[in-house]
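Visitor: Counting in UniProt numbering, the sequence shown runs from 1 upward without gaps. Glycine included, each C-beta is placed from N, C-alpha and C at the ideal position. Just so it is clear, the structure is predicted and the values come from calculations on it, not from any experiment.
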Amino acid sequence: MSAQLTAPQTPAAAPAAEPAGRRPRRGTFGLASKALVNGLLAISAVYTLAPLAWLLIASSKNRKDLFSTSPYSVGEFHLLRNLSDLFGYDDGIYLRWLGNTVLYTVGGAFLTTVISVACGYAFDKYVFKGKEKLFGLVLVGILVPSTVLSLPLYLLASRTGLVNTYWAVLIPSLVNPFGVYLARVFSAGYVPGEVLEAARMDGCGEVRTFARVSLPMLAPGFVTIFLFSFTAAWNNFYSSLMMLNDQNLYPVNLGLYAWSQNTHQQPELYSLVIVGSLVAVVPLIVAFLCLQRFWRSGLTSGAVK
């Protein structure tokens, strides 16, 4: 007959007694802070969405309802007719403005992003004489307002014969000091030096290393800089106003401004300006919704052997 041994059971530790005079914490402060934060977020959302809501409602009205009804009241639905009038006015000049804007923004932003990423990568990964001083000049360029450079750029474009051409708007937009700064920050955080050394040991040249190894790892930074450049180019009004005189070269914002200046002589342009503003906002919203998932995505998986 075998004896079964059982381990002695130890009594459970008693809960520590709370110090005398201390009351249990209540969640009042936490609830108040959450309510305050949610309230501020709600106010910010209303402040941001109210103009867009007015723009959408006003775009669906005809010219009579636009001035005879309250701003946020919905009248008869005329959005499709307003869009037809917009795209058919003056032989479809608005469509030409949209095409010019796509050229200035998508093409210009892509070239600007490639140049900025290459420069930021070079500032981060290479050692050359005067690197920090040159980068300091780039940082100084961030502090200079773009409006200060408009007159010198116009004089340079006038000397070279580029005024009233596509190049007068495209070439100045290729220089983006803030994009170079962001590219250097992303290069330092996303591209390890060990990966570059491994690529060089495998026989990759510097250009191929940048294009095949570093650039895919910099994809989140590339998209971020592209979105900043895209938005800046889409909203670039003053430079286009200085450089362009031919309405066939206008971007959307400058064309809508020209229409708004003639609304006193041509009241029918009121509806066209509002509907055109709505159409001009849609590409920005679509670009951010489609590309926002790349902002924080890490694409470095599998880069290190």
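Check Phe77 in the structure and name its three-state DSSP category.
Guide: Residue 77 sits at position 77 when you count from the first residue of the sequence shown. Three-state DSSP puts Phe77 in coil, outside helix and strand.
Visitor: With a threshold of 16 other CB atoms inside 10 Å of the CB of Met201, please say whether the residue is buried or exposed.
Guide: Looking up residue 201 in the sequence shown gives position 201. Met201 comes out exposed.
Visitor: Are there 16 or more other CB atoms within 10 angstroms of the CB of Val252, so buried, or fewer, so exposed?
Guide: For the purposes of this step, residue 252 is taken as the residue at position 252 of the sequence shown. Its Cβ being crowded by 16 or more others within 10 Å, Val252 is buried.
Visitor: With C-beta atoms as the reference, is Ser277 less than 7 angstroms away from Leu254?
Guide: Indexing the sequence shown from 1 puts residue 277 at position 277. Indexing the sequence shown from 1 puts residue 254 at position 254. No, Cβ-Cβ distance for Ser277 and Leu254 is not below 7 angstroms.
Visitor: Of the residues Leu182, Pro283, Ser173, which one's Cα is nearest the Cα of Leu139?
Guide: Here residue 139 refers to the residue found at position 139 of the sequence shown. It is Leu182.
Visitor: Could you work out which residue in Ile285, Leu156, Tyr121, Ala45 is closest to Leu196 when comparing CA atoms only?
Guide: Start at 1 with the first residue of the sequence shown, and residue 196 comes out as number 196. That would be Tyr121, whose Cα lies nearest to the Cα of Leu196.
Visitor: Provide the residue span of the alpha helix (DSSP H) that contains Leu151, from first to last.
Guide: Residue numbering aside, residue 151 sits at position 151 when the sequence shown is read from its first letter. Leu151 -> alpha helix (DSSP H) spans 150 to 160.
Visitor: Pick from Ala168, Phe210, Lys61: whose alpha carbon is nearest that of Tyr72?
Guide: Stepping through the sequence shown from its first residue, residue 72 is reached at position 72. Measuring from the Cα of Tyr72, the nearest candidate turns out to be Lys61.
Visitor: Could you check what DSSP says for Thr165 in three-state terms: helix, strand or coil?
Guide: For this step, residue 165 is matched to residue 165 along the sequence shown. Three-state result, Thr165: coil.
Visitor: Ordered along the chain, which non-local residues of its own chain (more than five positions away) have a Cβ less than 7 angstroms from that of Arg293?
Guide: For the purposes of this step, residue 293 is taken as the residue at position 293 of the sequence shown. Correct list: empty, nothing qualifies.
Visitor: Can you look up Phe128 in the DSSP assignment and give me helix, strand or coil?
Guide: As a first step, residue 128 is located in the sequence shown; it is residue number 128 there, counting from the start. It is coil, neither helix nor strand.
Visitor: Can Phe230 and Ala50 be called in contact, C-beta distance under 7 angstroms?
Guide: Counted from its first residue, the sequence shown places residue 230 at position 230. Counted from its first residue, the sequence shown places residue 50 at position 50. Contact: no.
Visitor: Just mark Pro78 as buried or exposed, buried being the case when its beta carbon has 16 or more other beta carbons within 10 Å.
Guide: Locating residue 78 in the sequence shown gives position 78, counting from the first residue. Sequence check: residue 78 is His here, not Pro. Buried.
Visitor: Just tell me which of Leu66, Ser33, Ser116 has its CA closest to the CA of Trp54.
Guide: If you number the sequence shown from 1, residue 54 lands on position 54. Selected option, being the one with the closest Cα: Leu66.
Visitor: Can you tell me whether Pro24 is buried or exposed, with buried defined as 16 or more other CB within 10 angstroms of its CB?
Guide: What you label residue 24 is simply residue 24 of the sequence shown in a count that begins at 1. The predicted model places Pro24 with a pLDDT of 49, which falls under 50 and marks its position as unreliable; any figure quoted below should be read in that light. Per the 10 Å Cβ criterion, exposed.
Visitor: Determine contact between the stretch 86 to 93 and the stretch 270 to 289, defined as no fewer than three beta-carbon pairs at a distance below 8 angstroms.
Guide: yes
Visitor: Helix, strand or coil for Phe67 per DSSP?
Guide: Working through the sequence shown from its first residue, we reach residue 67 at position 67. Helix at Phe67.
Visitor: Considering only C-alpha positions, which residue in the set Leu215, Thr28, Met242, Gly203 is nearest to Tyr190?
Guide: Taking the first residue of the sequence shown as position 1, residue 190 is located at position 190. When only C-alpha atoms are compared, the closest one is Leu215.
Visitor: Could you check what DSSP says for Gln247 in three-state terms: helix, strand or coil?
Guide: Within the sequence shown, residue 247 is the residue found at index 247, counting from 1. Helix.
Visitor: One question on the structure: do Leu111 and Leu174 come within less than 7 angstroms of each other, judged by their Cβ atoms?
Guide: Locating residue 111 in the sequence shown gives position 111, counting from the first residue. Locating residue 174 in the sequence shown gives position 174, counting from the first residue. When the beta-carbon positions are compared, Leu111 and Leu174 come within less than 7 angstroms of each other.
Visitor: According to DSSP, is Lys34 part of a helix, a strand, or is it coil?
Guide: Along the sequence shown, one-based indexing puts residue 34 at 34. In the three-state DSSP reduction, Lys34 falls in the helix class (H, G or I).
Visitor: Can you tell which of Ser146, Val127, Arg63 has the C-alpha that lies nearest to the C-alpha of Phe237?
Guide: Here residue 237 refers to the residue found at position 237 of the sequence shown. Comparing Cα-Cα distances from Phe237 to each of Ser146, Val127, Arg63, the minimum goes to Ser146.
Visitor: How would you write the range of the alpha helix (DSSP H) that Ala188 sits in, first residue to last?
Guide: Sequence index remark: in the sequence shown, residue 188 carries index 188 (1-based). Its alpha helix (DSSP H) spans residues 177 to 190.
Visitor: Going by alpha carbons, who is nearest to Ala157 out of Met242, Pro283, Lys34, Tyr270?
Guide: The residue given as residue 157 occupies position 157 in the sequence shown. Minimum Cα distance to Ala157 is reached at Met242.
Visitor: What span of residues does the alpha helix (DSSP H) with Thr105 cover, start to end?
Guide: Start at 1 with the first residue of the sequence shown, and residue 105 comes out as number 105. Segment: none, Thr105 is in no alpha helix (DSSP H) and carries neither H nor E.
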